[in-house]
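> Heads up, the sequence shown is in our numbering, so the first residue is 51 and it goes up one at a time. One structure, pasted below without further comment.
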Amino acid sequence: MMEHRIFYSGIALILGVLWDFAVGDPQRWYHPVIAIGRLISRMEKVLRRLFPETKTGERVAGTLLAVSVAGCSAVVPAAVLFVCYRIHPLLGILLESLMCGMLLAAKSLKKESMKVAEALETEGLEAGRKAVSMIVGRDTAQLDETGVVKAAVETVAENTSDGIVAPMCFMALLGGAGGFFYKAINTMDSMVGYKNETYRYFGTAAARLDDIVNFIPARLSACLMICGSLLCGLDARGAWRIYKRDRYCHASPNSAQTEAVMAGALQIQLAGDAWYFGVKHEKPFIGDPIRPAELKDIERSGQLMYATVVLSAVLLTGIKILLCI
51 MMEHRIFYSG
61 IALILGVLWD
71 FAVGDPQRWY
81 HPVIAIGRLI
91 SRMEKVLRRL
101 FPETKTGERV
111 AGTLLAVSVA
121 GCSAVVPAAV
131 LFVCYRIHPL
141 LGILLESLMC
151 GMLLAAKSLK
161 KESMKVAEAL
171 ETEGLEAGRK
181 AVSMIVGRDT
191 AQLDETGVVK
201 AAVETVAENT
211 SDGIVAPMCF
221 MALLGGAGGF
231 FYKAINTMDS
241 MVGYKNETYR
251 YFGTAAARLD
261 DIVNFIPARL
271 SACLMICGSL
281 LCGLDARGAW
291 RIYKRDRYCH
301 ASPNSAQTEA
311 VMAGALQIQL
321 AGDAWYFGVK
331 HEKPFIGDPI
341 RPAELKDIER
351 SGQLMYATVV
361 LSAVLLTGIK
371 ILLCI
């Protein structure tokens, strides 16, 4: 029965969230996103050979890449889950729980951000710059201690949506296969969604598709993060005020949604100019500098991230289970 399948998928989502909280990403396990990344790289090489290096040719090739990788990444796990559920529901739940857990990044995000805090506290600025360079795409050589803290907090804020709540939304909608569908699009955007000479046209489809699939999850994440700030004893009123004012202070329609909430909740200013590959990029600030960012803000951002994830899990699984009643 369809109702049973939806119910089982809801259980799998909850178990997947618990798996991520408890275990995270085991380092010795082969992560499915690595396979998606390799598929993207190989298909890019093939499509670039098949289509001319023109504006139209690259856009068509990039569109085919986006459609084929996203489709393949959803169909394969969906087929595997279908077979497993036909064999026995418990087998299906077990596998889908594992899929969901491996596609979420709460524990790893918390762990990597705290490495930045620990490096700054125990080894100094250079160690902090090196640690934060592992989780951000910008140049870190120019960052002072406050800049390192802000970069780590911004990463936690943005990835609360991209790395956790957004895949959870697609898991709630389409099960484990939905999580793979989202991760494929998100991975394509991180690999080819650049506005440089190489990917200006080839990466257009991936970048726009990423904006589309993140539109609702980013806003849901922001709203739940405001609620989470209240639970964490942070400035919920400030989070709402800065969210309303600064949620579009970014080139992406989605990236500043959770950053604005985080800045308001912590009463600090985020974003601003950043360096990428030796080139300075001017960006607007997000939030008000009510106080300077401090080392403790990295830990606070992680706590707010966890509160947001718990609220998201309760809401999404609750809706999913209600559909079965």
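All C-beta atoms, glycine included, are put in the ideal place defined by N, C-alpha and C. Bear in mind the structure is a predicted one, so any value in this text is a computation, not a measurement.
1) Below 8 Å, how does it come out for the stretch 269-277 and the stretch 205-222: are there three or more Cβ pairs, yes or no?
2) From which residue to which residue does the alpha helix (DSSP H) around residue 329 run?
3) Can you list the alpha helix (DSSP H) stretches of 4 or more residues lying completely in the stretch 276-360, in chain order?
4) Report the rounded CA-to-CA distance for residue 297 versus residue 206, giving the unit in angstroms.
5) Quick check: the stretch 225-236 against the stretch 169-177, are there 3 or more CB pairs under 8 Å?
6) For residue 54, name the three-state secondary structure that DSSP assigns.
7) Assuming residue 189 and residue 328 make a contact with CB atoms under 8 Å, what is their CB distance in whole Å?
8) Return the first residue and the last residue of the alpha helix (DSSP H) that residue 135 is part of.
9) Candidates 202, 334, 294, 330: which alpha carbon is nearest residue 321's?
10) Along the chain, where does the alpha helix (DSSP H) that runs through residue 217 open and close?
11) State yes or no: is the C-beta of residue 371 within less than 8 Å of the C-beta of residue 57?
12) Start and end of the alpha helix (DSSP H) containing residue 209?
13) Based on Cα-Cα distance, which residue from 254, 114, 218 lies nearest to residue 360?
14) Going by beta carbon distance, what residues of the same chain come within less than 6 Å of residue 70, once the five residues before and after it are set aside?
15) On the three-pair Cβ rule with 8 Å, is the stretch 239-252 touching the stretch 112-125?
16) In the DSSP assignment, the alpha helix (DSSP H) including residue 82 goes from what residue to what residue?
17) Is residue 313 near residue 336, with beta carbons less than 8 Å apart?
18) Could you give the distance in angstroms between the alpha-carbon of residue 346 and the alpha-carbon of residue 301?
19) Three-state secondary structure (DSSP) at residue 373?
20) Using a 10 Å radius around the Cβ and a threshold of 16 neighbouring Cβ atoms, would you call residue 220 buried or exposed?
21) Using CA atoms only, rank isn't needed, just tell me which of 132, 363, 309 is closest to residue 319.
22) Looking at the secondary structure, which residues open and close the alpha helix (DSSP H) in which residue 165 lies?
23) Please state whether DSSP places residue 368 in a helix, a strand or coil.
24) Could you check how far apart the C-beta atoms of residue 278 and residue 357 are, in whole angstroms? I think they sit under 8 Å.
25) With 16 other CB atoms within 10 Å as the buried threshold, where does residue 178 fall?
26) Report yes if the CB atom of residue 222 is closer than 8 Å to the CB atom of residue 63, and no otherwise.
With the given structure in hand:
1) yes
2) One-based indexing of the sequence shown puts residue 329 at position 279. It is not in any alpha helix (DSSP H) - residue 329 instead sits in the beta strand (DSSP E) that spans 329-331.
3) 286-296, 305-316
4) Here residue 297 refers to the residue found at position 247 of the sequence shown. Here residue 206 refers to the residue found at position 156 of the sequence shown. Those two C-alpha atoms are separated by around 16 Å.
5) no
6) The count along the sequence shown starts at 1 and reaches residue 54 at position 4. Helix at residue 54.
7) Sequence index remark: in the sequence shown, residue 189 carries index 139 (1-based). Sequence index remark: in the sequence shown, residue 328 carries index 278 (1-based). Confirmed, about 7 Å.
8) Here residue 135 corresponds to residue number 85 of the sequence shown, with the count starting at 1. First-last of the alpha helix (DSSP H) with residue 135: 105-137.
9) Working through the sequence shown from its first residue, we reach residue 321 at position 271. Closest option to residue 321, Cα to Cα, is 334.
10) Position 167 of the sequence shown, counting from 1, holds the residue named residue 217. Where residue 217 is concerned, the enclosing alpha helix (DSSP H) stretches over 216-242.
11) The count along the sequence shown starts at 1 and reaches residue 371 at position 321. The count along the sequence shown starts at 1 and reaches residue 57 at position 7. Yes; because the gap between Cβ atoms is below 8 Å, this pair is in contact.
12) Counting from one through the sequence shown, the residue named residue 209 turns up at place 159. Residues 195-210.
13) The residue you call residue 360 lines up with position 310 of the sequence shown. That would be 218, whose Cα lies nearest to the Cα of residue 360.
14) As a first step, residue 70 is located in the sequence shown; it is residue number 20 there, counting from the start. Here the set comprises 151, 154, 156, 157.
15) yes
16) Translated into the one-based positions of the sequence shown, residue 82 becomes position 32. 82-100 is the extent of the alpha helix (DSSP H) around residue 82.
17) Locating residue 313 in the sequence shown gives position 263, counting from the first residue. Locating residue 336 in the sequence shown gives position 286, counting from the first residue. A contact, by the Cβ cut-off of 8 Å.
18) For the purposes of this step, residue 346 is taken as the residue at position 296 of the sequence shown. For the purposes of this step, residue 301 is taken as the residue at position 251 of the sequence shown. Cα to Cα, residue 346 sits roughly 29 Å from residue 301.
19) Locating residue 373 in the sequence shown gives position 323, counting from the first residue. Here residue 373 sits in coil by DSSP.
20) The count along the sequence shown starts at 1 and reaches residue 220 at position 170. The residue in question, residue 220, is buried, as its Cβ has 16 or more Cβ neighbours within 10 Å.
21) The sequence position of residue 319 within the sequence shown is 269, counting from 1. Cα-wise, what sits closest to residue 319 is 309.
22) Your numbering for residue 165 matches position 115 in the sequence shown. That run of the alpha helix (DSSP H) goes 156-173.
23) Within the sequence shown, numbered from 1, the residue matching residue 368 stands at position 318. The answer is helix: DSSP assigns residue 368 an H, G or I state.
24) Here residue 278 refers to the residue found at position 228 of the sequence shown. Here residue 357 refers to the residue found at position 307 of the sequence shown. About 3 Å; that satisfies the 8 Å criterion.
25) Within the sequence shown, residue 178 is the residue found at index 128, counting from 1. Residue 178 is buried by the Cβ-count criterion.
26) The sequence position of residue 222 within the sequence shown is 172, counting from 1. The sequence position of residue 63 within the sequence shown is 13, counting from 1. It is a contact, given that the beta carbons lie within the stated cut-off.
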